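K.L.:
One structure is given below, represented as structure tokens, and several questions about it will come after.
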Amino acid sequence: MSQTPVLVTGAAGFIGFALARRLLEGGRAVVGIDSINDYYDPAIKEARLAVLRQFEHFSFHKLDLADREPAESFFRDGDFGPVVHLAAQAGVRYSLQNPHAYLDANLAGFLNVLEGCRQRKTGHLVFASSSSVYGANTRLPFSVHDNVDHPISLYAATKKANELMAHAYSHLYRLPATGLRFFTVYGPWGRPDMAMFIFAAAIAEGRPIRLFNYGRMRRDFTYVDDVVEAVERLIDKAPVGTENAAQGNLDPATTAAPWRIYNIGNNRSVEISHVVELIERAFGRKAQIELLPMQPGDVPDTCADIDDLMREVGFRPATSIEDGVRNFVAWYRDYYRQ
């Protein structure tokens, strides 16, 4: 194998698993790490790992990146090149209940990754941010060139902090770093705590679905295969910094340091109630629906401006919401023997 192995943190997670599998299927070696915590059912994480372990060039290490000494040892002794950091404590609503989990995983854990990359002079760190950083922004579509200084959840604040921490390391140590703001990723092997999975489970089991903002929430649903296509294209495209930034023309998405921010989304906003209708159609049964007001930390609408990503790596999402939901429900019914 000519290319150096890619380190994927959070390899047992939804996006980490999908990316690792894509890389392995393309012939690239992958080193995966994950703490396999119990934020959601660890059984699906173990099932994802079982798929990855079928590949000869996959190796796995169970590790909590917030544990400083084991993380330092791993980065010092590991055999890998580019780093794709997808491990994190996810979830806007859970951050209202257990804020300290976000301090540990998203801040301390990310600092340990940055230090590990600095020490080994990593050629490119790609890390997960989130559309949640747009917070109180209302201008749509959300652009990486707009300021994002008003997060409305602790989860969003930690992701914004990750972007700033990475920029500091890029500036100080010339560590090439690319941050990816993911927009509502869904698809087979998805996270059980996310809306589409929750809706599918409720319909399958005959339980009511709660739709917040009285069903008028809109999200930029992005199919997981499209997401990993974009990430794969970026792994070997390390940023070098921009001349304009060096001349004092500052931009929230670019800088004189080798640091860059991209949106990864579908560039299309879909009403949640429509997604429920698609899931109903795929299951062939109606949902019981409860309409409720907005929840703290939520925003009514998201939509990604992906012009930079299209221009620089030729990425264009290829999966419609209709096809994506159909694929997800087919996987769900097979996985849970529906």
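Letter 293 of the sequence shown, counting from 1, is numbered 273 in my numbering, and no numbers are missing. Backbone N, C-alpha and C define an ideal beta-carbon position, used for all residues, glycine too. Given the structure is predicted, the values throughout are model-derived calculations rather than measurements.
In this structure, how does DSSP classify D281 when only helix, strand and coil are distinguished?
P.N.:
The answer is strand: DSSP assigns D281 an E or B state.
K.L.:
With distance defined between alpha-carbon atoms, name the residue in F177, D314, P238, V64 nearest to G(-4).
P.N.:
Of F177, D314, P238, V64, the residue nearest in Cα terms is V64.
K.L.:
Excluding the five sequence neighbours on either side, which residues of its own chain have a C-beta within less than 8 Å of the C-beta of L258, listed in chain order?
P.N.:
Contacts found: I301, E302, V305, R306.
K.L.:
In chain order, what residues of the same chain lie with their CB nearer than 6 Å to the CB of S15, ignoring the 5 residues before and after it?
P.N.:
The residues are D44.
K.L.:
Suppose only complete runs of 3+ residues qualify. What are the beta strand (DSSP E) ranges in the stretch 238 to 299, listed by chain order?
P.N.:
Qualifying beta strand (DSSP E) stretches, in chain order: 239 to 244, 268 to 271.
K.L.:
Going straight from the alpha carbon of V255 to that of R261, what length do you get?
P.N.:
Near 10 Å, if we compare the C-alpha coordinates of R261 and V255.
K.L.:
Do you know whose CA, among A237, H80, I286, V106, lies nearest I214's CA?
P.N.:
Reading off the sequence shown, one finds Leu at residue 214, where the question assumed Ile. Nearest C-alpha to L214: V106.
K.L.:
Pull up the distance between the alpha-carbon of N229 and that of Y153, whole angstroms please.
P.N.:
Those two C-alpha atoms are separated by around 21 Å.
K.L.:
So is K25 buried or exposed if we call it buried at 16+ other beta carbons inside 10 Å?
P.N.:
Its Cβ being crowded by 16 or more others within 10 Å, K25 is buried.
K.L.:
Name the DSSP bridge partner or partners of A157?
P.N.:
L105, W239.
K.L.:
Could you have a look at P188 and say whether DSSP puts it in helix, strand or coil?
P.N.:
It is a strand residue.
K.L.:
Would you mind working out which of F162, P219, A30, D84 sits nearest N243, comparing C-alpha positions?
P.N.:
Per the Cα distances, F162.
K.L.:
Mind checking H37: buried by the 16 CB within 10 Å criterion, or exposed?
P.N.:
It counts as exposed.
K.L.:
Between which two residues does the alpha helix (DSSP H) containing K25 stretch?
P.N.:
That run of the alpha helix (DSSP H) goes 22 to 32.
K.L.:
Taking all protein chains shown into account, decide if Y316 is buried (16 or more other Cβ within 10 angstroms of its Cβ) or exposed.
P.N.:
Flag for Y316 reads exposed.
K.L.:
Between A46 and I13, how many whole angstroms is the CB-CB distance? I'm expecting something under 8 Å.
P.N.:
So it is not a contact: roughly 12 Å between Cβ atoms.
K.L.:
Taking Cβ to Cβ, would you say A81 is nearer than 8 Å to Q69?
P.N.:
Going by C-beta atoms, A81 is nearer than 8 Å to Q69.
K.L.:
Identify the continuous beta strand (DSSP E) that holds D14 and give its terminal residues.
P.N.:
10 to 14 is the extent of the beta strand (DSSP E) around D14.
K.L.:
Using 8 Å as the cut-off, can you tell me whether the stretch 270 to 280 makes contact with the stretch 193 to 211, which would need three or more C-beta pairs spanning the two stretches below that distance?
P.N.:
With a cut-off of 8 Å, the stretch 193 to 211 and the stretch 270 to 280 count as touching, because enough Cβ pairs lie within range.
K.L.:
Can the beta-carbon of W239 be found closer than 8 Å to that of S150?
P.N.:
Going by C-beta atoms, W239 is nearer than 8 Å to S150.
K.L.:
Mind checking who F201 pairs with in its DSSP beta bridge?
P.N.:
DSSP output for F201 lists no bridge partner at all.
K.L.:
Counting only the same chain and skipping the five closest in sequence on each side, list residues whose C-beta sits under 6 Å from that of R313.
P.N.:
None.
K.L.:
DSSP state of V(-14), grouped into three classes?
P.N.:
In the structure shown, V(-14) sits in a strand (DSSP, three-state: E or B).
K.L.:
For the putative contact between P62 and H104, defined by C-beta atoms under 8 Å, what is the C-beta separation to the nearest angstrom?
P.N.:
5 Å between Cβ atoms; contact.
K.L.:
What is the C-beta distance between A23 and V10, in whole angstroms, given that I count them as a contact (C-beta under 8 Å)?
P.N.:
That belief does not hold up - the Cβ atoms of A23 and V10 are roughly 22 Å apart, past 8 Å.
K.L.:
Kindly list the residues whose CB is nearer than 7 Å to the CB of K140, restricted to its own chain and excluding five residues on each side of it in sequence; keep chain order.
P.N.:
Excluding residues within five positions, the ones whose Cβ falls inside 7 Å are V113, V128, P131.
K.L.:
What's the C-alpha gap between P168 and F308?
P.N.:
Rounded to the nearest angstrom, the two C-alpha atoms are 5 Å apart.
K.L.:
Identify every residue that forms a DSSP beta bridge with Y166.
P.N.:
According to DSSP, which records beta bridges pairwise, Y166 is partnered with Y203.
K.L.:
Quick one: which unbroken beta strand (DSSP E) runs of 3-plus residues sit fully inside the stretch 45 to 92? Chain order, please.
P.N.:
Fully enclosed beta strand (DSSP E) runs of 3 or longer: 63 to 65.
K.L.:
Using the Cα positions of F(-6) and M174, report the straight-line distance between them to the nearest angstrom.
P.N.:
For F(-6) and M174, the distance between alpha carbons rounds to 11 Å.
K.L.:
Residues in the same chain with beta-carbon distance under 6 Å from A157, minus the five sequence neighbours each way, listed in chain order, please.
P.N.:
Hits under 6 Å: L105, A146, S150, W239.
K.L.:
Which residues mark the beginning and the end of the beta strand (DSSP E) in which F40 is found?
P.N.:
Unbroken beta strand (DSSP E) run through F40: 38 to 42.
K.L.:
Beta-carbon separation of L(-13) and G58 under 8 Å?
P.N.:
For L(-13) and G58, yes; Cβs fall inside 8 Å.
K.L.:
Taking all protein chains shown into account, do 16 or more other C-beta atoms lie within 10 angstroms of the C-beta of A51, making it buried, or fewer, making it exposed?
P.N.:
Burial call: buried.
K.L.:
Skipping 5 residues on each side, what residues in its chain have a beta carbon closer than 6 Å to that of S39?
P.N.:
Excluding sequence neighbours, S39 sits near V11.
K.L.:
Report the three-state DSSP secondary structure of S111 (helix, strand or coil).
P.N.:
Note: S111 maps to helix in three-state DSSP.
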